[in-house]
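So the structure is just underneath, and the comments pick up after that.
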Ligand code: GTP
Ligand code: MG
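Numbering (the working numbering), first residue to last: 12 to 212.
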């Protein structure tokens, strides 16, 4: 897919105020600092369309971007960041769960996981939650540039094995790096294919 345009539309903490049109929408979710906003910038080939930071907790709202005037990308706050106050965490969790449970336009969630780490309970639980709510998802391994090919392969295999303990099949997954643009074509191609197959609404 060629990216002809990518524009920021709005930020808010209330799913009821998200864009009202019926364009298909893809959300990026995962732990704080996993690289959600960086991945969006890499996919769109824009340096600072989505705000990134070395400090976790940068994205704090539901952010809509419209792509090629045809579909939305949604940048969400990360979960599992210990240093955010308990109150802030509850507020986040509330609007994130409301987003996932109420947003009818949501076609698929990309759950980002850092390829360097072992499967983390919080990510596995989140995928379980998506499954229970019948929300389709794919896994995006981030920061692949930080591992040597052998270690990368080993970690992905281990992740797959862990997933197969609770899922019948491994969901579709992508191995990406926002610094080298690895995985960009595959991910965009995947979205394009889903958009093409969607019944028009
Ligand atoms: P929150 O908004 O806080 O939840 O974080 P986020 O998931 O949006 O992460 P963000 O994109 O802000 O990136 C966090 C840090 O990881 C930044 O310092 C990025 O430069 C770095 N980073 C993100 N993706 C990659 C990657 O693929 N490779 C490398 N080497 N660094 C990355
Ligand atoms: Mg972010």
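Glycine is no exception: its CB is placed at the ideal position from the N, C-alpha and C atoms. The model shown is predicted, which means the values in this text are computed figures rather than measured ones.
Checklist entry - Would you call the segment 148 to 168 and the segment 23 to 34 touching, i.e. three or more CB-CB distances under 8 Å? => result Result no; under three Cβ-Cβ pairs closer than 8 Å.
Item to check | Proximity below 8 Å, CB of residue 57 to CB of residue 91 | outcome: Locating residue 57 in the chain shown gives position 46, counting from the first residue. Locating residue 91 in the chain shown gives position 80, counting from the first residue. Pairing residue 57 with residue 91 gives a Cβ-Cβ distance that is not under 8 Å.
Next on the checklist: For residue 61, which residues in the same chain have their Cβ closer than 6 Å to its Cβ, ignoring the five residues on either side in sequence?
Outcome noted: As a working mapping, residue 61 is identified with position 50 in the chain shown. 48, 51, 52, 86, listed in sequence order.
Checklist entry - For the putative contact between residue 84 and residue 24, defined by C-beta atoms under 8 Å, what is the C-beta separation to the nearest angstrom? => result As a working mapping, residue 84 is identified with position 73 in the chain shown. As a working mapping, residue 24 is identified with position 13 in the chain shown. Distance from residue 84 to residue 24 at the Cβ level is roughly 18 Å; contact not present, criterion being Cβ atoms closer than 8 Å.
Checklist entry - Smallest Cα separation from residue 13: which of 210, 209, 197, 208? => result Numbered from its first residue, the chain shown carries residue 13 at position 2. The shortest C-alpha separation from residue 13 is found at 197.
Checklist entry - Considering only the beta carbon of each residue, do residue 119 and residue 205 sit closer than 8 Å? => result On the chain shown, position 108 is the one that residue 119 refers to. On the chain shown, position 194 is the one that residue 205 refers to. The answer is yes: Cβ separation under 8 Å.
Checklist entry - Under a three-way DSSP split, which group does residue 17 fall into? => result Translated into the one-based positions of the chain shown, residue 17 becomes position 6. Strand.
Checklist entry - Quick one: what's got a C-beta closer than 7 Å to residue 20's C-beta in the same chain, skipping five residues either side? => result Stepping through the chain shown from its first residue, residue 20 is reached at position 9. So the qualifying residues of the chain are 30, 75, 76, 77.
Item to check | Start and end residues, beta strand (DSSP E) containing residue 48 | outcome: Working through the chain shown from its first residue, we reach residue 48 at position 37. Per DSSP, residue 48 lies in no beta strand (DSSP E) segment; the continuous alpha helix (DSSP H) that holds it begins and ends at 47 to 55.
Item to check | Helix, strand or coil at residue 86 [DSSP, three-state] | outcome: Position 75 of the chain shown holds residue 86. Here residue 86 sits in strand by DSSP.
Checklist entry - What are the boundary residues of the beta strand (DSSP E) that residue 78 is part of? => result Counting from 1 along the chain shown, the entry for residue 78 is found at position 67. Annotation for residue 78: the continuous beta strand (DSSP E) segment containing it runs 73 to 78.
Checklist entry - Shortest alpha-carbon distance to residue 79 belongs to which of 35, 40, 138? => result Here the question's residue 79 lines up with position 68 in the chain shown. It is 35.
Next on the checklist: Since residue 107 and residue 132 should fall inside the 8 Å C-beta cutoff, what is the C-beta to C-beta distance between them, to a whole number of angstroms?
Outcome noted: In the chain shown, counting from the first residue as 1, residue 107 sits at position 96. In the chain shown, counting from the first residue as 1, residue 132 sits at position 121. Incorrect: roughly 17 Å between the Cβ atoms, too far for contact.
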